[in-house]
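A.B. asks:
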Amino acid sequence: MKIIIVGAGELGQYLTSILIHDRHDIIAVDLSDDILDRLKENYDIMTVHGNGCLLSTLRKCGLGDADLLVAVSGDEAANILSCQIASHFGAGNTICKLNSVDFFPEKSGFKPSDLKLKHILVPAAECVDKIVNVLDNKIILDQIAFSNPNALMTLFEIGPSSPLAGLRIKDFPVLDLINSVRFSAIIRDRQHIIPHGDTTIVQGDRIYAAGPRDKVMSMINWVSPDNSSISTVIIAGTTIIARKLASELCGKGYEVRVIEKDRARAEAFLDGFPYNLIMINGGPTEKEVMTEAGINSCDAFVSALNDDEENILSCILAKKMGAKKVITVTNKSEYVDIVPAMDMIDCGFNSSLVAVNSILRIPEIENYFSIDAILHHINAYLYEYKVQAGSPACGRTIDEIKFPKSVVIALVFRRDEVISASGGLRIMADDIVATIATLDMIKTTAPFFSKRGFLSL
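Once you know that position 85 of the sequence shown is 84 in numbering that gives the first Met the number 0, the rest is easy, because the numbers rise by one and skip nothing.
Following this line, the structure appears as structure tokens:
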């Protein structure tokens, strides 16, 4: 497939690093020769130097026969124009990155399709959704969606008082839950463990659990019976993410406090803000300011500044001063793997990673890619395969299929049904099989579900 990526900043580079594994023909467009040169050194791609919203530049990329154009530069007006030109001249599909949804106010009736935009991507809004999801419960660290909307995978941490601590998985006492929810991966001492029936869960384990949404949330509640709800949230920064997050949380009834060291930005934030909240003028890396904000008694602290390093440092300080849950937002792709390894930070959401995962889930486009989601906590990937009649897996139970030991079958989707992948489950034609594996395992795993089987290698 031919993909044009307009904008080779943090998001454009990270998107290239993921899509290149599917052997697509990728053309990167940017005004920086240095960035393009680095991309060519690292990946087998074509680069075009120029303005991505000029027809002359896009024609150099072979716009007419492009299957997909993704405009992810820092200029949202330029992104819109790039996508409009691409649609007019026959590109198969377009994705336009915007900084906010302000272009299309909900009550205006003005829609992306009115500008000939097929798909829009708003990383700030996606990050806010991820943060709000983990505020449902103090032990939830991340949530991952599947192609089936009834399914969910949640990453959560085992606390000292959890009834699951010290229990073998096969001894789990609530059969309805353990038969519906699949423990798909465990992170222990920063190591990825593939769980089995004899695996004993210990305090501090981080577990990926997959299943029907309602069963997964019931599992979370069972695992954390003494969990108190989150009601007070302190947000550092007045960025687009911070403002949208504060608005959503206030609308849900949370008590929200915001820390901002620039007085003018603090006043601009409050001007026209639809809810009452407390604004503290100061820096979130200053102990006195954090004390004034009440960090020692808050349920959650979210650092959403534009500076990644300051976000990380403020989260570490917040944790040391008593914040029960700390969440950082980062933008640089190098922090995708670094933040999950930091013990003092509970959750980290990288805007590039969140955006790429959103792209991989866009209807009409997701079938272009073999990867369905990036599980950065374990350096693995979520893949979904449709089972073809006559494939090696079709008609056999999971136990009968000799999958590589490092591959985990998490769930099976049979029409609208979400089924936990137990060993005795028989795989049928047209099932969707959700697996967790590393990139190097895709060539080994995919043939199990193809009619050509291992002849397709």
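No residue lacks a Cβ here, since even glycine has one placed at the ideal position from N, Cα and C.
Predicted model, so just to flag it, every value in this text is computed and none were measured.
1) Can you tell which of L114, S146, A235, D101 has the C-alpha that lies nearest to the C-alpha of L359?
2) DSSP three-state call for K169: helix, strand or coil?
3) So what does DSSP say about Q190, is it helix, strand or coil?
4) Tell me which same chain residues have a C-beta within less than 6 Å of the C-beta of D29, skipping the five on either side of it?
5) Going straight from the alpha carbon of I258 to that of T437, what length do you get?
6) Mind reading off the beta-carbon distance from C95 to L116? Whole number of angstroms is fine, and I expect it under 8 Å.
7) Which word fits Q202, buried or exposed, when buried means at least 16 other C-beta atoms lie within 10 angstroms of its C-beta?
8) Just to confirm the assignment, what range does the beta strand (DSSP E) spanning H48 have?
9) Run through DSSP, which three-state label would C126 get?
10) Tell me the rounded alpha-carbon separation between K129 and S357.
11) Could you check the C-alpha separation between F448 and G394 for me, to the nearest Å?
12) May I have the straight-line CA-CA distance separating M427 from A388, to the nearest angstrom?
13) What does the alpha-carbon distance come out to for the pair D307 and G423?
14) Given L276, which residues of its chain have a CB within under 7 Å of its CB, disregarding the five upstream and five downstream residues?
15) Mapping DSSP to helix, strand and coil, what is Q387?
16) Considering Cα atoms alone, identify which of D135, D141, D175, D204 is closest to G165.
17) Take L304 and list the residues in its own chain whose beta-carbon comes closer than 7 Å to its own, dropping the five residues that flank it on each side.
18) Tell me whether A392 sits in a helix, a strand or coil according to DSSP, three-state version.
C.D. replies: In short, the structure shows the following:
1) The option with the nearest alpha carbon to L359 is S146.
2) Of the three classes helix, strand and coil, the one that applies to K169 here is helix, per DSSP.
3) Residue state, collapsed to three classes: strand.
4) Short of 6 Å from the beta carbon of D29, and not among the five residues preceding or following it, lie these beta carbons of its own chain, in chain order: A7, L35.
5) For I258 and T437, the distance between alpha carbons rounds to 40 Å.
6) So it is a contact: roughly 5 Å between Cβ atoms.
7) Counting other Cβ atoms within 10 Å of its Cβ, Q202 stays below 16 and is therefore classed as exposed.
8) In the DSSP assignment, H48 falls within the beta strand (DSSP E) that extends over 45–48.
9) Judged by DSSP in its simplified three-state form, C126 adopts helix.
10) One Cα belongs to K129, the other to S357, and the distance between them is close to 11 Å.
11) Distance from the CA atom of F448 to the CA atom of G394, rounded to whole angstroms, is 11 Å.
12) Distance between the alpha carbons of M427 and A388: 8 Å.
13) Going from the Cα of D307 to the Cα of G423 covers about 47 Å.
14) So the list reads A245, C249, V255, R256, V257, once near-sequence residues are dropped.
15) It is coil, neither helix nor strand.
16) Out of D135, D141, D175, D204, D204 has the C-alpha closest to the C-alpha of G165.
17) Spatial neighbours of L304 in its own chain (CB-CB distance under 7 Å, excluding positions within 5 residues in sequence) are listed in chain order as A235, G236, T238, N310.
18) In the three-state DSSP reduction, A392 falls in the coil class, being neither helix nor strand.
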